[in-house]
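Asks:
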Amino acid sequence: MPTGQIAVVGAGLMGAGIAQVAARAGYDVLLCDTTTTNLDRAIAAIAVSHDRFVAKNVMTSADAAAARARIVTTTDLRDAASATLIIEAVYEDLEVKRDVFAQLDAITAPSTVLATNTTAIPITTIAAATRHPERVVGTHFFSPVPMMRLCELVRGEQTTDVTLAAARSFAENVGKTCIVVERDVAGFVTSRLLIAFVNEAIGLVEAGVATASDIDLACTLGFGHAMGPFATLDLTGLDVIAHAAQIIYDDTGDDRFAPPALLRQKVADGDLGRKTGRGFFDYPS
Numbered sequence: 295m296p297t298g299q300i301a302v303v304g305a306g307l308m309g310a311g312i313a314q315v316a317a318r319a320g321y322d323v324l325l326c327d328t329t330t331t332n333l334d335r336a337i338a339a340i341a342v343s344h345d346r347f348v349a350k351n352v353m354t355s356a357d358a359a360a361a362r363a364r365i366v367t368t369t370d371l372r373d374a375a376s377a378t379l380i381i382e383a384v385y386e387d388l389e390v391k392r393d394v395f396a397q398l399d400a401i402t403a404p405s406t407v408l409a410t411n412t413t414a415i416p417i418t419t420i421a422a423a424t425r426h427p428e429r430v431v432g433t434h435f436f437s438p439v440p441m442m443r444l445c446e447l448v449r450g451e452q453t454t455d456v457t458l459a460a461a462r463s464f465a466e467n468v469g470k471t472c473i474v475v476e477r478d479v480a481g482f483v484t485s486r487l488l489i490a491f492v493n494e495a496i497g498l499v500e501a502g503v504a505t506a507s508d509i510d511l512a513c514t515l516g517f518g519h520a521m522g523p524f525a526t527l528d529l530t531g532l533d534v535i536a537h538a539a540q541i542i543y544d545d546t547g548d549d550r551f552a553p554p555a556l557l558r559q560k561v562a563d564g565d566l567g568r569k570t571g572r573g574f575f576d577y578p579s
């Protein structure tokens, strides 16, 4: 198990969620972002989430206050130099992630575990920005992090067993169940399955076979899914899914993963799902 301070780089939805579950599990957390505005927004979101857990008697007010006190924020990435485990959760863009990892590689000890929370980008391509790719591992958490129980661990081509074990220990200590992706392919396991699934569902709508609502009903009532493909798209964000699909398609050239025209059109129109109030369904404010 990693000891000492955990650092999370990126204070968006995923980074804030990872910081929240780590602090609740007893870790001292350094949350890093480029602006204080982003950090303040993340801390506010964590407070709201804590309040919901307290209201549901999942945690006490004292526990929530203690967890919040374990999170320190910074806009200076160099403050993460002494962390034993650093989880990057910045925008899903290869060059952005590689830049972060190059900076982390320059300021940390070779023993520091560097993890990336990516949904589709191969770990090996991110690790190539470092001098020690053996210490880089994929830790794909799911949104919302405090609620979702899975963490997909991805081994890069040079990731060591020690690195993978450290990532697993952390994920399990914050309450997640892990699967291990032994071969580093774009999209890993979960994103490949999801993209192929939602692409087929969108294709059925495009062809006029059934409505989005009825397809979701078929999946929830017929297959026992907690959520249908279109509700999943709207919750995750249509832009996020389209971007992940494009990454996998670019890597594989397999038409199964190409973003469908209807998905691309909705993203172009700004209909991104719950976060914009409209996706495949409408969400009144």
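As numbered in our numbering, residues 295 to 579 make up the sequence shown, in order. Positions of the beta carbon are idealized from the N, C-alpha and C atoms, including for glycine. All figures in this text were calculated on a predicted structure; none of them were measured in a lab.
Three Cβ pairs or more, each shorter than 8 Å: is that satisfied between the segment 470–482 and the segment 411–419?
Replies: With the cut-off at 8 Å, the segment 470–482 and the segment 411–419 touch.
Asks: Taking the alpha-carbon positions, what's the V430 to T410 distance?
Replies: Taking the straight line from one Cα to the other gives about 8 Å.
Asks: Please check the pair L379 and A460, which I expect to be a contact at CB under 8 Å, by giving their CB distance rounded to whole angstroms.
Replies: Right, the Cβ-Cβ distance comes to about 6 Å (below 8 Å), so this counts as a contact.
Asks: On the premise that V323 lies in contact with V303, defined as a C-beta separation below 8 Å, what is that separation, rounded to the nearest angstrom?
Replies: The pair is not a contact, with the Cβ atoms about 11 Å apart (cut-off 8 Å).
Asks: Indicate the three-state DSSP secondary structure (helix, strand or coil) for L566 in the structure shown.
Replies: Coil, per DSSP.
Asks: Just to confirm, is the Cβ distance from G567 to L532 under 9 Å?
Replies: Yes, these two residues count as a Cβ contact at 9 Å.
Asks: Taking only the alpha-carbon atoms, compute the straight-line gap between T471 and L408 and give it to the nearest angstrom.
Replies: Taking the straight line from one Cα to the other gives about 20 Å.
Asks: Under three-state DSSP, which class holds R425?
Replies: Looking at R425 - three-state DSSP - the assignment turns out to be coil, as it is neither helix nor strand.
Asks: Let's test the definition: count the other Cβ atoms within 10 Å of the Cβ of N493 and tell me whether it reaches 16, buried, or not, exposed.
Replies: Burial call: buried.
Asks: Any idea what DSSP makes of T514, helix, strand or coil?
Replies: In this structure, T514 counts as helix in the three-state DSSP scheme.
Asks: Is DSSP giving V503 helix, strand or coil here?
Replies: In this structure, V503 counts as coil in the three-state DSSP scheme.
Asks: Is V439 near I535, with beta carbons less than 9 Å apart?
Replies: Cβ distance not < 9 Å, so V439 and I535 don't count as in contact.
Asks: Counting C-beta neighbours from all protein chains within 10 Å, is the total for R443 16 or more, i.e. buried, or is it exposed?
Replies: Flag for R443 reads exposed.
Asks: Closest to T328 by C-alpha separation, out of V394, A356, L458, R572, would be which residue?
Replies: Ranking the options by Cα distance to T328, first place goes to V394.
Asks: Taking the C-alpha atoms as reference points, what is the distance between M295 and A506?
Replies: Residue placement at M295 cannot be trusted, given a pLDDT of 47 that sits under 50; the coordinates are not used to answer.
Asks: What is the residue span of the beta strand (DSSP E) that I381 lies within?
Replies: Looking at the DSSP string, the run of the beta strand (DSSP E) that includes I381 is 379–382.
Asks: To the nearest angstrom, how far is the alpha carbon of A400 from that of E389?
Replies: Cα to Cα, the separation comes out at about 17 Å.
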